[in-house]
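*Asks:* Have a look at this one.
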Amino acid sequence: MSERWYKEAVVYCVEVDSFQDSNGDGCGDLRGLTSRLDYLSRLGVTCVWLNPIHPSPQRDNGYDVSDYYGIDPRLGTLGDFVELATQARQRGIRLLLDLVVNHTSDQHPWFQSARNDPGSPYRDWYVWSSEEPPDRRQGIVFPGEQTETWTFDNKAGQWYFHRFYDFQPDLNWSTRAVREEVKKIMGFWLQLGASGFRIDAAPFVLEQVTPGVDPGPLDFSILDDWRQDVQWRTADAVVLCEANVSPEELPKYCAAAPGGPNDRAHMLFAFGINARLWLALARGDAEPLVESLAALPKLAAMAQWATFLRNHDELDLSRLTDEQRNDVMREFAPKQDMRIYNRGIRRRLAPMLKGERRRIELAYALQFAMPGTPVLRYGEEIGMGEDLRLPGRESIRTPMQWDGSRSAGFSSASPAEFVRPILSRGAFAARLVNIGSERRDNGSLLRWFEQLIRVVRECPEIGVGEPTVLDLPLPRSVLVHRFDAPEGTILLLHNLADVAVTVDLRSVAGSEPPSEVFADADYGPLATKLTELDLHGWGYRWIRLRRGNRG
Ligand code: NOJ
């Protein structure tokens, strides 16, 4: 039986305004993205996740929506979206949209109506308090940039709740009409060709807020409802939750009954694996990954992890201990301006790893070897860097570097007009790091990513199989794990330290002669039985033990 598409997908995350401009106004747009679908198809991605594309005052990069049924005019029109969806589908690429419905922009007509008129039908679409909430300075998400979670609104004469910035009032999810409206929004985009949604800030959507009272139990009936509704409208559409919560909580996002069927989100971001991957890289020690894989909560069958190394936000290390976080910070964000919110790093991966190619390969090989569906952010495939002169998380949103020219092939406008400046200084400048030159170079990172993605797509057991960490006498730096599935069995070796090792695999028996499908170097032919294998510093070897049944 063929597996569900999201279990074998390779997801690519695009910031549309930074990707490709088609009309010379200096801002990337949907038509520009459409014109680059062949590039994405050649790279091998099967799903594109678009960061928010709706009209928005852009005070939080579109995560402050002012119209859920429209397209930000800078990015194009609804017609352009449908054309993108059509062209993508022709290339076997699906689209996921960010659904940001914990809050709206304060400019959204719903909020404007709610605050201006106590009798407005939208008044109870938001969360109000007549008294000053005693906990109004608690529960801050953006320390340093946000000071409160309840703000007094002069027009409304009341306090309104906002989990994030004060320009992002929270929707009131106990209001029936809000639930119905959001289902309509989902239905609208599914009709236009989306294949699902990334649910922004999922736990905060489910929380029930009362002033001065600790949030009660989460209201998971919202997720039950969404799943049913989405699936009823489009059988193969998916819900992917952003939920950076404790491991015990995670399975509830996928199944109503413990151990029950997958009747909530199809996918969850693997925040736990993300932080531990970085810790393992920082320490050159496989132990955090061994622990993380052992402690990985069991999700409902058919539910899936979405793995990532870097996304559009800061690298969030809040779930590590102080000592662990300090180790990661010291190694990858030694300067204060590389850090943000006392918990994270606002850098891209390549500069964090000092542009060290072998280490970059190791990091991404590891991510793609983790259980789940890999998610890759635009520009990572060529090793783009960050611009720390830009404020906050803007640093990792510079325009895609298509070629080595002054405009980096991003737009025909004058670079002064660009939505964000092209990265033009340092070792990661567009002149030095760009798609044009990497395409011409067979040994480039881009070529390597094309190969990685091809191999992963040929190894469905990574997406669907059961992971097991092998208990072998190994150096601390080495992780050996395997995936077993009807589709096949694969053994994965990764060395987190820059010191060559030999790994004794004589106790690992395969039913077929092993074959190497991917490695950091040519290690020569494998014997018909596994023996002692060499592994270079920061090396990796993926060895197929059994070809399974794909029929
Ligand atoms: C999570 C998003 O990933 C982040 O970028 C945004 O600032 C917050 N949600 C608020 O919407």
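Position 242 of the sequence shown, counting from 1, maps to 791 under my numbering, and the rest follow consecutively. All residues carry an ideal CB built from backbone N, CA and C; glycine is no exception. These numbers come from a predicted model, not from an experiment.
Measuring from the CB of D566, is there a heavy atom of the ligand NOJ at a distance below 6 Å?
*Replies:* On the sequence shown, residue 566 is found 17 positions in, with the first residue counted as 1. Answer for D566: no, Cβ out of range of the ligand NOJ.
*Asks:* Thinking just about the alpha-carbon of each residue, which of A814, P760 and A751 is nearest to the one in E791?
*Replies:* Here the question's residue 791 lines up with position 242 in the sequence shown. The residue with the shortest Cα to Cα distance from E791 is A751.
*Asks:* Distance, Cα to Cα, S1056 vs F818?
*Replies:* Indexing the sequence shown from 1 puts residue 1056 at position 507. Indexing the sequence shown from 1 puts residue 818 at position 269. Cα to Cα, S1056 sits roughly 34 Å from F818.
*Asks:* Taking the CB atoms as reference points, tell me whether V1050 and L1084 lie closer together than 7 Å.
*Replies:* The count along the sequence shown starts at 1 and reaches residue 1050 at position 501. The count along the sequence shown starts at 1 and reaches residue 1084 at position 535. Yes, Cβ-Cβ distance for V1050 and L1084 is below 7 Å.
*Asks:* Look up D749 in the DSSP assignment and say whether it is helix, strand or coil.
*Replies:* The count along the sequence shown starts at 1 and reaches residue 749 at position 200. The answer is coil: DSSP assigns D749 none of H, G, I, E or B.
*Asks:* Who pairs with V1027 in a beta bridge, going by DSSP?
*Replies:* Working through the sequence shown from its first residue, we reach residue 1027 at position 478. N1044.
*Asks:* Who are the Cβ neighbours of W699 in its own chain at under 6 Å, not counting the five residues just before and after it?
*Replies:* Residue mapping note: residue 699 aligns to position 150 of the sequence shown, counting from 1. Excluding sequence neighbours, W699 sits near P682, R685, W708 and F710.
*Asks:* Enumerate in chain order the residues of its own chain whose CB-to-CB distance from L772 is below 6 Å, with the five nearest sequence positions on each side excluded.
*Replies:* Here residue 772 corresponds to residue number 223 of the sequence shown, with the count starting at 1. Excluding residues within five positions, the ones whose Cβ falls inside 6 Å are R813.
*Asks:* How is Y612 classed by DSSP in three states: helix, strand or coil?
*Replies:* As a position in the sequence shown, residue 612 is number 63, starting the count at 1. In the structure shown, Y612 sits in coil (DSSP, three-state: anything other than H, G, I, E or B).
*Asks:* Please name the residue or residues paired with E1015 in a DSSP beta bridge.
*Replies:* On the sequence shown, position 466 is the one that residue 1015 refers to. For E1015, which the question treats as bridged, DSSP gives the partners D1033.
*Asks:* Around the C-beta of S605, are 16 or more other C-beta atoms found within 10 angstroms, so that it is buried, or is it exposed?
*Replies:* Residue mapping note: residue 605 aligns to position 56 of the sequence shown, counting from 1. Buried, because 16 or more other Cβ atoms sit within 10 Å of the Cβ of S605.
*Asks:* Following a CB-centred definition, is D1116 positioned closer than 6 Å to any heavy atom of the ligand NOJ?
*Replies:* This structure leaves residue 1116 out entirely; the chain is present only between 550 and 1100.
*Asks:* Does any heavy atom of the ligand NOJ sit closer than 6 Å to the C-beta of D862?
*Replies:* Counting from 1 along the sequence shown, the entry for residue 862 is found at position 313. Flag set: Cβ of D862 near the ligand NOJ.
*Asks:* Where does M550 fall in DSSP's three states?
*Replies:* Reading the sequence shown from its first residue, position 1 is the one you call residue 550. Residue placement at M550 is flagged as unreliable, the pLDDT there being 46, under the threshold of 50; the coordinate-derived value follows with that caveat. In the structure shown, M550 sits in coil (DSSP, three-state: anything other than H, G, I, E or B).
*Asks:* Less than 7 Å between C-beta atoms, sequence neighbours within five positions excluded: which residues of the same chain meet that for P764?
*Replies:* Within the sequence shown, residue 764 is the residue found at index 215, counting from 1. So the list reads E756, Q757 and V758, once near-sequence residues are dropped.
*Asks:* With a 10 Å radius around its C-beta and 16 neighbouring C-beta atoms as the bar for buried, classify T870 as buried or exposed.
*Replies:* On the sequence shown, position 321 is the one that residue 870 refers to. Classification for T870: exposed.
*Asks:* Alpha carbon to alpha carbon, how far is A705 from A663?
*Replies:* Here residue 705 refers to the residue found at position 156 of the sequence shown. Here residue 663 refers to the residue found at position 114 of the sequence shown. Roughly 8 Å separates the two Cα atoms.
*Asks:* Could you check if W1091 is buried or exposed, using at least 16 other CB atoms within 10 Å of its CB as the buried criterion?
*Replies:* Position 542 of the sequence shown, counted from the first residue, corresponds to residue 1091. Buried.
*Asks:* At 4 residues or longer, what runs of the alpha helix (DSSP H) sit wholly inside the segment 865 to 920?
*Replies:* List check, alpha helix (DSSP H) in window: 871 to 881, 898 to 901 and 906 to 917.
*Asks:* Using 10 angstroms around the beta-carbon of R955, count the other beta-carbons present and answer buried if the total reaches 16, otherwise exposed.
*Replies:* Walking along the sequence shown from the start, residue 955 turns up at place 406. Counting Cβ neighbours within 10 Å, R955 comes out exposed, since fewer than 16 surround it.
*Asks:* Do the CB positions of L739 and T696 come within less than 7 Å of each other?
*Replies:* Within the sequence shown, numbered from 1, the residue matching residue 739 stands at position 190. Within the sequence shown, numbered from 1, the residue matching residue 696 stands at position 147. In this structure, T696 does not lie closer than 7 Å to L739 by Cβ.
*Asks:* Based on the DSSP output, what are the partners of C596 in its beta bridges?
*Replies:* Position 47 of the sequence shown holds residue 596. Paired residue(s): V560 and R643.
*Asks:* Would you tell me roughly how many angstroms separate the C-alpha atoms of P923 and V563, rounded to the nearest one?
*Replies:* Within the sequence shown, numbered from 1, the residue matching residue 923 stands at position 374. Within the sequence shown, numbered from 1, the residue matching residue 563 stands at position 14. Approximately 14 Å, taken between the alpha carbons.
*Asks:* Going by beta carbon distance, what residues of the same chain come within less than 8 Å of P1022, once the five residues before and after it are set aside?
*Replies:* Taking the first residue of the sequence shown as 1, we reach residue 1022 at position 473. Excluding sequence neighbours, P1022 sits near D1053.
*Asks:* If I measure Cβ to Cβ from Q636 and keep anything under 8 Å in the same chain, skipping five residues before and after, which residues do I get?
*Replies:* Locating residue 636 in the sequence shown gives position 87, counting from the first residue. Closer than 8 Å at Cβ, skipping near neighbours: T583 and L586.
*Asks:* Quick check on D763: does DSSP put it in helix, strand or coil?
*Replies:* Stepping through the sequence shown from its first residue, residue 763 is reached at position 214. Of the three classes helix, strand and coil, the one that applies to D763 here is coil, per DSSP.
*Asks:* With a Cβ-Cβ cutoff of 7 Å, do G928 and L994 count as a contact?
*Replies:* Indexing the sequence shown from 1 puts residue 928 at position 379. Indexing the sequence shown from 1 puts residue 994 at position 445. Cβ distance not < 7 Å, so G928 and L994 don't count as in contact.
*Asks:* Just to confirm, does Y1072 get its C-beta within under 6 Å of one of the non-hydrogen atoms of the ligand NOJ?
*Replies:* The count along the sequence shown starts at 1 and reaches residue 1072 at position 523. No, the ligand NOJ has no heavy atom inside 6 Å of this Cβ.
*Asks:* Apart from the five residues on each side of it in sequence, which residues of its chain come closer than 8 Å, Cβ to Cβ, to R1137?
*Replies:* The structure shown does not extend to residue 1137, since the chain spans only 550 to 1100, so no value can be given for it.
*Asks:* Could you name the residues of the same chain whose beta carbon sits closer than 6 Å to that of K732, not counting the 5 residues immediately before and after it, in chain order?
*Replies:* The residue you call residue 732 lines up with position 183 of the sequence shown. Answer for K732: D778, listed in chain order.
*Asks:* So is the beta-carbon of Y612 under 6 Å away from any non-hydrogen atom of the ligand NOJ?
*Replies:* Within the sequence shown, the letter at position 63 stands for residue 612. Yes - the ligand NOJ has a heavy atom lying nearer than 6 Å to the Cβ of Y612.
*Asks:* Suppose you measure from the CA of V690 to the CA of W554; what does that come to, to the nearest Å?
*Replies:* Translated into positions along the sequence shown, residue 690 becomes position 141. Translated into positions along the sequence shown, residue 554 becomes position 5. Cα to Cα, V690 sits roughly 34 Å from W554.
*Asks:* Kindly give me the distance between the Cβ atoms of V968 and S567, rounded to whole angstroms, as I take these residues to be in contact under 8 Å.
*Replies:* By one-based count along the sequence shown, residue 968 stands at place 419. By one-based count along the sequence shown, residue 567 stands at place 18. Rounded, the Cβ-Cβ distance is 7 Å, consistent with contact.
*Asks:* What does a CB cutoff of less than 8 Å around Q916 pick up in its chain, not counting 5 residues either side in sequence?
*Replies:* Residue mapping note: residue 916 aligns to position 367 of the sequence shown, counting from 1. These residues qualify, in order along the chain: L826, T856, F857, L858 and P923.
*Asks:* With 16 other CB atoms within 10 Å as the buried threshold, where does T1080 fall?
*Replies:* Taking the first residue of the sequence shown as position 1, residue 1080 is located at position 531. T1080 is exposed by the Cβ-count criterion.
*Asks:* Should D719 be counted as a contact of the ligand NOJ given a C-beta to heavy atom distance under 6 Å?
*Replies:* Position 170 of the sequence shown, counting from 1, holds the residue named residue 719. No, the beta carbon of D719 sits no closer than 6 Å to any heavy atom of the ligand NOJ.
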